[in-house]
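First comes the structure, then the notes that go with it.
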Amino acid sequence: MIYVLSALVNLNHRGHYLHWGAVQISVANLIVIVLMLVTFVLALVLPFHGQAVSRHEAERPTVTPSEQAGGAEP
Amino acid sequence: MTTTASEADVAVSPDDRPTWTGRFRARAVGSFPPERLLPDRQPAYVASWIYVFGALTLAAFAVVLLSGAVLAIEGPAWYHSSSVGLYFNSMHLWGTELFFFFMVVHLWGKFFMAAWRGRRRATWITGVLAFVISIANAFTGYLSQQNFDSEWIGTQAKDGINSTGAGAFWNVLNFGQMLLWHVLLLPLVVAVVVGIHVLLVRRRGVVPPFSRPEPALASTRALPAGDIGFADDTTTTEISSPDGSAAAVGTAAGGGGPTVTGPSPTGNPEDGEGR
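Chain order of the listed sequences is W and E. Add 567 to a position in the first sequence, counting from 1, and you land on the number used in the numbering used here. Add 890 to a position in the second sequence, counting from 1, and you land on the number used in the numbering used here.
If you want it as structure tokens, here you go:
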């Protein structure tokens, strides 16, 4: 299994670098930065899995833990 | 008329208690009541992916600490040669990568929310400190790899460190010093700062998103007994601006729910005062 995974991405070589004048960045670092930006945007636009539940819950009156405990009594 | 212990606690000011332990307990419970320290509800606006990355950073930090502890138990001869050791070594590396990945996304989210609003300046500053000290911690880790990479990093970094004057007592070419800073001093400082950061988040609450101005200051009223102060979709927080006018914060990030006036999401009457 380890050999299969290691075969997917061969990291056993010199790093690749990009140059724009005085700016130099490794491809690995650029990929990480792009992934962070993509993750950030997705976190803003993707719906959260609990939103539908919380909106449904909002239609009911708020119940505090103490009220819950009191309500359980006959 | 007899007085119960709880009534006596209320009657006695924290500063009037005879022992420092009593004063500390009174102040700790006053600042961090259990229902605020370990809440069982959260504000509706937290139901967004952008609010997840702080917890993800903590989870990655736990993986880094645990994998680092395993590396320390067995030692370099083990984690440089055996397959299991290499596995934990890689887990430690990739846990660090994810730690910074999540922390940077968390930082971006909080920056664009202006997360220092609502008397959360200390929360923001401790987050910045945690970020900077974590960089130093990771740096000493890269110096401790015992390979050509760490040798290259050390020889390149020494000139920069020496130019600041710090090289007189913090020598990046001193492997033993860097390793001990990496495994003891800096993780301890990061853990303490992160702990304070999390406590401040509990104290001041999660920063709400921006919304339109509202006139009332509902968050300044005291909450009824038994109310843990966390809202659901029917509530929002109102905070005051520096000029004294009120501004309501409702939903924004992640497309949250509707906005209706209600109590503070933190249950802290002080939260709405100033930014």
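We treat Cβ as the ideally placed atom computed from N, Cα and C, and that holds for glycine.
* Within 10 angstroms of its Cβ, does leucine 1074 of chain E collect 16 or more other Cβ (buried), or is it exposed? -> It counts as exposed.
* From which residue to which residue does the alpha helix (DSSP H) around histidine 1087 of chain E run? -> 1076-1094
* Residue-level contact to chain W via CB, phenylalanine 1029 of chain E, 8 Å cutoff -> no
* Asked: Taking three-plus beta-carbon pairs below 8 Å as touching, is the stretch 988-1003 of chain E in contact with the stretch 938-952 of chain E?
  -> yes
* To do: Let me know the secondary structure DSSP gives leucine 585 of chain W once reduced to three states.
  => strand
* Asked: Which residues, in order along the stretch 599-611 of chain W, keep a beta-carbon less than 8 Å from a beta-carbon of chain E?
  -> Val599, Leu602, Met603, Thr606, Phe607, Leu609, Ala610, Leu611
* If you measure from the beta carbon of leucine 597 of chain W to each beta carbon in chain E, is any gap under 8 Å? -> no
* To do: Locate the alpha helix (DSSP H) running through valine 612 of chain W, then write down its first and last residues.
  => It spans 594-612 - the alpha helix (DSSP H) in which valine 612 of chain W sits, taken as one unbroken run.
* Under 8 Å, do serine 1034 of chain E and histidine 982 of chain E count as touching if we go by C-beta distance? -> no
* Does tryptophan 1042 of chain E have its Cβ less than 8 Å from a Cβ in chain A? -> Included in the structure are the protein chains W and E, with no chain A among them.
* Asked: What whole-angstrom Cβ distance do histidine 1087 of chain E and glycine 1017 of chain E have, given they're in contact under 8 Å?
  -> Beta-carbon to beta-carbon, histidine 1087 of chain E and glycine 1017 of chain E are separated by about 6 Å, close enough to satisfy the 8 Å threshold.
* Going along chain W, which residues have a C-beta under 8 Å from valine 995 of chain E? -> Met603, Thr606, Phe607, Ala610
* phenylalanine 989 of chain E: contacting residues in chain W (beta-carbon distance under 7 Å) -> By Cβ distance, chain W contributes nothing, its closest Cβ being about 13 Å from phenylalanine 989 of chain E, past 7 Å.
* To do: Excluding the 5 residues preceding and the 5 following arginine 1092 of chain E in the sequence, name in chain order all residues of the same chain whose CB lies nearer than 7 Å to its CB.
  => Phe922, Arg926, Leu927
* Just confirm the distance between the C-beta atoms of phenylalanine 607 of chain W and tryptophan 998 of chain E, as a whole number of angstroms; I'd bet it's less than 8 Å. => 5 Å
* In the stretch 993-1020 of chain E, which residues sit with their C-beta less than 8 Å from some C-beta in chain W, listed in chain order? -> Val994, Val995, Trp998, Gly999
* **Same chain, Cβ closer than 7 Å to phenylalanine 978 of chain E, neighbours up to 5 away in sequence not counted** => Ser957, Val960, Leu961, Tyr969
* Asked: According to DSSP, is valine 590 of chain W helix, strand or coil?
  -> strand
* Taking leucine 611 of chain W as the reference, give the member of E:Asp930, E:Val974, E:Phe943 with the closest Cα. => E:Phe943
* Are the stretch 1054-1065 of chain E and the stretch 1094-1103 of chain E in contact at 8 Å, needing three or more beta carbon pairs? -> no
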